[in-house]
Amino acid sequence: MFNEITKKAVNEALKNPIKIDDHLVVSQRARRVMDRIIGYKVSPFLWRAVIDSSGSSLSAGRVQSVALRLICEREEEIEKFIATEYWSLVAIFKTEKGAELTAKLYEVNGKQIKLPPKPQMTEEDWEEFFKTNFAISSGDVAQKILEILQAKNNYAISDISKKESRKNPYPPFITSSLQVESSRKLRMRPRRTMMLAQQLYEGIDLGAEGTTGLITYMRTDSTRLSAEIVDDARAFIAEKYGNQYLPEKPKSYEKQNKKNVQDAHEAVRPTSLKYTPEFVKEYLDEAQFKVYELIWKRFIACQMESARLETTSVSISADEYTFRSSGTTILFDGFQVLYEETTEETGEKGENGGGLIPAGLEVNQKMDLKELTPSQHFTKPPARFTESTLIKELENNGIGRPSTYAMIMGTIVDRGYVEQQDRKMFPTSLGKKVNGVLVKNFPDIINVNFTAQMEDELDLIANGETEYLRVLNDFYGPFIKDLQEVEANLEKIICEKCGGELELKIGRFGKYFACNNYPECKNIKSLKEIAGGSNEPEYTGETCPKCESKTVYREGKFGKFIGCEKYPDCDFTKVITLGMKCPKCNEGEVITRRTKRGKIFYGCNKYPDCDYASWTMPKPKEEEQEEPIESSEEEY
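The sequence shown begins at 547 in the numbering used here and counts up one residue at a time.
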């Protein structure tokens, strides 16, 4: 087994073959079977329960549906959120020498100022809160305190405290942390990050070096590193940055692995430290370079010395009122000389006032109040998920595997369940409808606890601690019973021509409804008609060249097309072009199509003679080029 595509790694693997772990094979088989049972059984129910006139390709999945539920539930929290008003008072003090210090009102009568209780809390809750805390809950309260503070002239420093702390480097990347950090730092979607990482893993032509794999296998849940690469990193750090940046002992992160880590591969890291970002830059495109540089810096930084910080807090008091200011000084930058992790801006920010702390301050030193400013605030609802925070949420709950996160993020967007605005994920009306149907009918399966429990069960199979069939039987029995019950309760759609039942069918051009009394009754209806759209077909104004009947617009599996109104008696069809020549062959015309997963792309109507395909609509040559389609299992 090898973790990197290099000559040395492949030769070592050939010299040291290992036996196939049957437990891992069976665990993977159980995962595949379980996912297919849910996908193959629940998705058809979803097609029938959520009749979407747009022809969207609906699907359900053991992990994807839980991800959608998390997004929808967060949206519900935001919609139900009631903001709470609160105020802060920030002062600017001056020393006798004119140095200024900004501080925030922190305590009143020894009670720390905190956010007031939520609006729905009772009077008893308020009383309990005010026993140990203080809140500035309105402008009137803030104004009264402001007037009291402005009248005081006995401000003095009551306390100065200094605390030294260490900030440790971050572990080397695993799949999920690579996706999260790439999303934050590089603004890349997980699917694109994984595509670029795959290219770096498979190998890049480095000129005289030949085609070389630059990183280890990118689908991993382990932070384990080989002793050899750690030694190389330590030598590099000592030479490049000096011994002060080198810890006494190599840093190990294996204790930080999750409980269900499979540890089949090392962390994501460079295959060799001779391939520095500067060395490989000329051989990589811009996106590849950004991902490689990110992986390189994270790996080197994980073996560097911790940063040392000193936080100084200054309290300024006048009678029962205390202001506080704090500032942090970097004593030694350590790993931060090379790498700093990006954080998401979520929830309420801490407000300590402060900024730069003037030198030479002493306890009991008098301070003059120069300025006092009240500010109104409102509590904020929980932040919407971004792709990076959703991945963290799934990972923290033990849901899914590293290799699935990028695909899940892509699927819920491609299906039309979720839209992204400023990187935040909003459930669409279709997404809310799908989630509502799934949660109502399969509450025991489409939930965080069940999905996490299944991951634990699959890990037990992988460890040889339980049987494959027992896990599947325990799951399948209750599941199929629930499915049969909800299917029996679906409202029947009656055929208006013969009184039979219209049943969902999948034909050459997608889903439609047909009478179960066929061939005696040939009544069919489109999804649009069943969903409440117009019963009148949309005529094109042209005649069918086969039978001379009228032609109509229809929705199919791969998008809108023209067909004969006499279908299925007449099977004439015609694709709808966009009125522009194919930019590749200059003979065919561009048409809109859908992938098997429902994502729209643009192709040539001369396919397969012309294989032109693009995710973006073609533009004139002088305009920006369209984004070509990369062949990927995640899209199709």
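Glycine included, every Cβ here is placed at the ideal spot set by N, Cα and C.
CB of residue i within 7 Å of CB of residue j, strictly
i, j, result
"LYS916", "ILE638", "yes"
"THR1119", "ILE1137", "no"
"ARG770", "GLU832", "no"
"PRO823", "ILE624", "no"
"PRO663", "PHE680", "no"
"ILE862", "TYR701", "yes"
"TYR853", "TYR885", "For the sequence presented, residue 853 should be read as Ala rather than Tyr. Going by C-beta atoms, ALA853 is not nearer than 7 Å to TYR885."
"PRO1127", "CYS1156", "Correcting the residue identity first, residue 1127 is Lys in this sequence and not Pro. No, they are not a contact pair."
"THR817", "GLU1037", "no"
"GLU1084", "THR1097", "no"
"GLU631", "PHE924", "yes"
"LEU592", "ALA606", "yes"
"PRO948", "THR678", "no"
"LYS786", "THR888", "no"
"PRO920", "ALA688", "yes"
"PRO793", "GLU851", "yes"
"THR758", "GLY749", "yes"
"ILE903", "THR858", "yes"
"CYS1116", "LYS1092", "yes"
"TYR821", "LEU760", "yes"
"VAL571", "TYR1014", "no"
"VAL609", "GLY946", "yes"
"LEU1029", "ARG594", "no"
"PRO973", "GLU622", "no"
"VAL860", "ILE706", "yes"
"PHE845", "PRO1024", "no"
Inter-residue CB distance, residue i and residue j (contact presumed, cutoff 8 Å)
i, j, result
"LEU855", "LYS713", "6 Å"
"GLN849", "ILE783", "6 Å"
"SER729", "SER934", "4 Å"
"VAL1017", "ILE1007", "6 Å"
"GLY977", "TYR963", "3 Å"
"ILE1039", "GLU1033", "Not a contact, Cβ separation roughly 14 Å."
"ARG737", "MET955", "7 Å"
"ILE727", "LEU840", "Going by the sequence as given, residue 727 is Glu instead of Ile. At roughly 7 Å, the Cβ-Cβ gap stays under 8 Å, so GLU727 and LEU840 are in contact."
"LEU752", "TYR829", "5 Å"
"ILE1108", "THR1086", "6 Å"
"LEU746", "TYR838", "6 Å"
Buried/exposed call for residue i, threshold 16 Cβ in 10 Å
i, result
"GLU1003", "buried"
"VAL909", "exposed"
"ASP960", "buried"
"VAL814", "buried"
"TYR1182", "Residue confidence for TYR1182 is low, a pLDDT of 28 falling below 50, so the modelled location carries little weight and cannot support an answer."
"VAL983", "buried"
"THR668", "exposed"
"ASN562", "exposed"
"ARG578", "exposed"
"LYS836", "buried"
"ASN557", "exposed"
"ARG930", "buried"
"LEU560", "exposed"
"THR739", "buried"
Per DSSP, the bridge partner or partners of residue i
i, result
"THR1089", "LYS1096"
"ALA649", "ALA637"
"ASP751", "THR757"
"ALA1060", "GLU1049 and ILE1070"
"SER768", "DSSP output for SER768 lists no bridge partner at all."
"MET971", "GLN966"
"THR868", "GLU653 and SER863"
"HIS811", "None; HIS811 has no bridge partner."
"ASP914", "LYS640"
"ASN679", "GLN658"
"GLU710", "GLU856"
"HIS923", "TYR632"
Selected residue, minimal CA-CA separation from residue i, among the options
i, options, result
"TYR1148", "PRO1114, GLU1111, LYS1106 and CYS1110", "LYS1106"
"MET741", "ALA929, ARG765 and LYS731", "ARG765"
"PRO1154", "ILE1146, GLY1134 and THR1141", "GLY1134"
"ILE958", "PRO590, LEU614 and VAL571", "LEU614"
"SER772", "LYS1071, MET1000, ALA555 and GLU1075", "ALA555"
"CYS1044", "ASP671, PHE1059 and LYS1068", "LYS1068"
"PHE627", "TRP633, SER634 and GLU619", "GLU619"
"ILE691", "GLU866, TYR1113, SER589 and VAL776", "GLU866"
"TYR1022", "ASN1009, LYS1051, ILE876 and PHE988", "PHE988"
"PHE878", "ARG780, GLN790 and GLU1094", "GLN790"
"GLY939", "ILE991, THR997, GLU965 and SER1072", "Strictly speaking, residue 939 in this sequence is Glu, with Gly absent from that position. Here the closest residue by C-alpha is THR997."
"SER871", "LEU647, LYS565 and PRO1164", "LEU647"
"ILE597", "LEU1073, GLU1111, SER1095 and SER1160", "LEU1073"
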